[in-house]
Amino acid sequence: MTKFLSLFLCGLITANADLVAHYALDETDTTTNIVQDSLEQNDGILIGSSSPAKDFKAVHGTGYDFPLRSGFRVNPSPEVQPTDQFTITWWFRPTTLNAFDRFYETLSGTGKNGSGIRIDLGGNGRQVRALLRDGNGSTDTAVTSPLTLTTGAWYFFALRYDSLNNFCKVTVLRDNGGDITTSNISASTTTKTSLGTDTITHNTGVFFAADDAGVASSNDFGGAMDDIAIFQTKDDFGVLSDTDLAKVFNNGALAFDPPAPRPTINSFTTNLSGFNSGDSVVLRWDTTGADSVEITPDVGPVNATGSANFTARFTEIYTLTATNVEGATSATVQITVDGLALAPQISEFVASNSSFDDGDGNSNDWIEIHNRNTTPFDISGYHLTDDPANMTKWSFPTNTILDGNEYFVVFASGSDKPDSAGNLHTSFNLSANGEYLALISPDGTTIVQEFPPTYPPQKNDTSYTSKGFLPLPSPGSPNTGIAQQGYVRDTTFDVDRGHYKEPFDVTIETGTPDSKIYYTLDGTHPTPDNGSLYSGPITISTTTILRAAGFKDNFIPTNVDTQSYIFLNDIVNQSNNPPNTTSMWAGRIADYEMDPQIVDDPKYADKIIPALQKFPSLSLTIAPDDFYGPNGIYQNPQSEGSLWERPVSAELISHDDSESGFKINAGLRVQGGSSRNPDTPKHSMS
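Put into structure tokens, the structure is as follows:
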């Protein structure tokens, strides 16, 4: 978009905020997982075990209707990770309303040491909250709209942030049909002028309608979204006025700021097709429409048109980047010296895979090879091995040609033969416990790349690279996210789940130094934003569900561990209105207590606890909102399908220690036929 800045004696005419990323969500093709950026800079990729319904009627055209456990991710970039003086807008229509459901997530790290932006449904699950952190360790900025949301209605959302002018504004406005005015925006805006943050920093990926790359928790937004837009120009023009927001509301983000052309690279060439060491290299380029042009490495900022001379020393790829307010365009040339191409690399591998299938539908381990050259590369005769004593254990077959900049996946299944889709398979598997892995040149002795003496133990569906762990593997495409140093070691409890009669203290530990443990007692997932920081033994004197997880900056956190401590006396005497519950189930009076006519009857009172001790207990732990909330499964017993499955922790507790029991994470639904009727208040579940 072309900008003009004109100075007159009467004053300064300022430019509009610049649209830097936009997701119309108008695609209708169900065969692609690409989410298009209207500005053609930062396309997204659908993630999760569910898929959104496309072509969903929205206020401005169509949008995506995201079921739980679906969303899309975008590779980190300045356009989608704004830092200061920016505006983020979208339309949304909730299907479910649960606490902390995420619309937008770049937040990572522990507590106020974390960095990024989270836009979610807040602690009550019915109001939009924006949470911003800059890693200062002591404060953050949080703004919550007072508007109470309902399912099935369309809402307009905007976040405006400016640390230089000291304000953060959240606008949420329900669509009632027709256009609005500036005053409607003003009346629907909550402003905070005492900020706990400065310029925002980001240390993780970018997720829409999702909590993280796994999209497996109850904290993923369920509902439709449309017209997602981010405005910024690295000055206060990135903050839209109320009048501007009204225009975006009425006409859509693209109509407010139609994209202008990005720079054009007309040519980027060298004087020769190949070089010998010591030859003179001449780079020539020609660009139009650029505010700045840069060549990396080594050359630096240059004019829009020109040339650069230097002496050939080694093979290198040079990148020309031309930038204007609409974004950047880039081109590359490769200087190949003495005929030596850049060696291929193991860009990432997964040693415990359950989410990426080979051509036969099997989830085998896999290794990704990157051709760093801009031209095709013949990798035939190169070797992969997991044994330093056998450097040629498996070889790439003849005519294995990788395209320029291709990311090529080989499955490490041990079958040593291609699958039905033609994918190559090695003669060895990868060990999730850690082992040697290397890429060897065709001479059978030269190590191109290795992970010596062994790579560290691996987690399921997490990749490993020369820089560390990636929570979001990207087979066949460039790596995404920031590599993490490792995993926080699992939490341990010195008292195990079971039946108890007397109070006791529980100590929680993790073997990772300098990590922090957060815990909850209300059934919700513990995080630095939800729960208590563990500081010492916890006294357990009544029936308690203790959940804990470990966190550390630049480390992947633990999973959530759950321990159910059951005092049978509490079960027998449980009141009919226990805490963290609701008094109604689907419009009927809730019933939590054991039947007083039985437990208070002298004929049975002394027999009930011994009877309860004669069979195992199954403890199901679920976030209260997922069970009792407006969109909880127990409040909607006649609703069926995957949209009405909620995450649960299941623990089998032995009654006499004759069996070990178990603890697993699973999904929970109401099941049955007539038993789903709300008039039958207690329902079957599976």
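Residue numbering for the sequence shown follows numbering that gives the first Met the number 0, starting at 0 and increasing by one per position. Using N, Cα and C, we set each Cβ at its ideal position, and we do this for glycine too.
A direct Cα-Cα distance of roughly 19 Å separates T61 from L172. Cα atoms of G110 and R488: separation of roughly 18 Å, rounded to the nearest angstrom.
Of the candidates V247, Y518, A311, the residue whose Cα lies closest to the Cα of T88 is V247.
In terms of Cα proximity to F427, the closest of S379, D656, A437 is A437. Excluding five sequence positions before and after N478, the CB atoms of its chain that fall closer than 7 Å to its own CB belong to S346, E347, T464, L469, given in chain order. The Cβ atoms of T314 and V336 sit closer than 7 Å to each other.
For A411, the enclosing beta strand (DSSP E) begins and ends at 406-411.
Around the beta-carbon of R312, fewer than 16 other beta-carbon atoms lie within 10 Å, marking it exposed.
P636 carries a coil assignment under DSSP once its states are collapsed to helix, strand and coil.
Contact annotation, S430 with A350: C-beta distance approximately 6 Å; criterion of less than 8 Å satisfied.
Between G222 and P93, the CB-CB gap stays under 7 Å. If you draw a straight line from the Cα of A303 to the Cα of L96, it is about 51 Å long. In the structure shown, I570 falls within a helical segment according to DSSP collapsed to helix, strand and coil. In the displayed model, K458 falls within coil according to three-state DSSP, outside both helix and strand. Per the DSSP secondary-structure output, A311 pairs with nothing in a beta bridge. DSSP places I597 in the helix class (H, G or I) of the three-state scheme. In this structure, the CA atom of R68 is about 20 Å from the CA atom of D42. In this structure, DSSP gives A141 an extended state, which the three-state scheme calls strand.
DSSP, reduced to helix, strand and coil, places W153 outside both helices and strands of the structure shown, so it counts as coil. In the three-state reduction of the DSSP assignment, A327 falls in the strand class. Boundaries of the alpha helix (DSSP H) harbouring L611: 607-611, taken from the DSSP string.
The beta carbons of D139 and D119 sit no closer together than 7 Å.
By the beta-carbon neighbour count (other beta carbons within 10 angstroms, threshold 16), L158 is buried.
Annotation for S279: no alpha helix (DSSP H) segment contains it, though the beta strand (DSSP E) segment containing it runs 279-287.
The beta carbon of T444 is closer than 8 Å to those of M390 in its chain, skipping five residues each way along the sequence. With respect to the 7 Å criterion, N579 and D513 are not classified as neighbours on the basis of their beta carbons. At least 7 Å separates the beta-carbon of E644 from that of K662. The beta-bridge partner set that DSSP reports for Y564 consists of G497, T543. Residue A52 holds the alpha-carbon nearest to the alpha-carbon of D225 among T263, N183, A52. Inclusion of G326 and R261 in the CB contact set at 7 Å is warranted, their separation being smaller than that value. Bounds of the alpha helix (DSSP H) holding L244 are 241-250.
Across the structure, P455 and T490 are spaced so that their CA atoms are roughly 19 Å apart. L24 is the residue among E367, D133, L24 whose C-alpha sits nearest the C-alpha of A208. In this structure, P81 is the residue among P81, N323, H382 with its C-alpha nearest to the C-alpha of L106. Between D357 and F410, the beta carbon gap of about 5 Å places them in contact (Cβ cut-off 8 Å). Annotated three-state conformation of I621 is coil, per DSSP.
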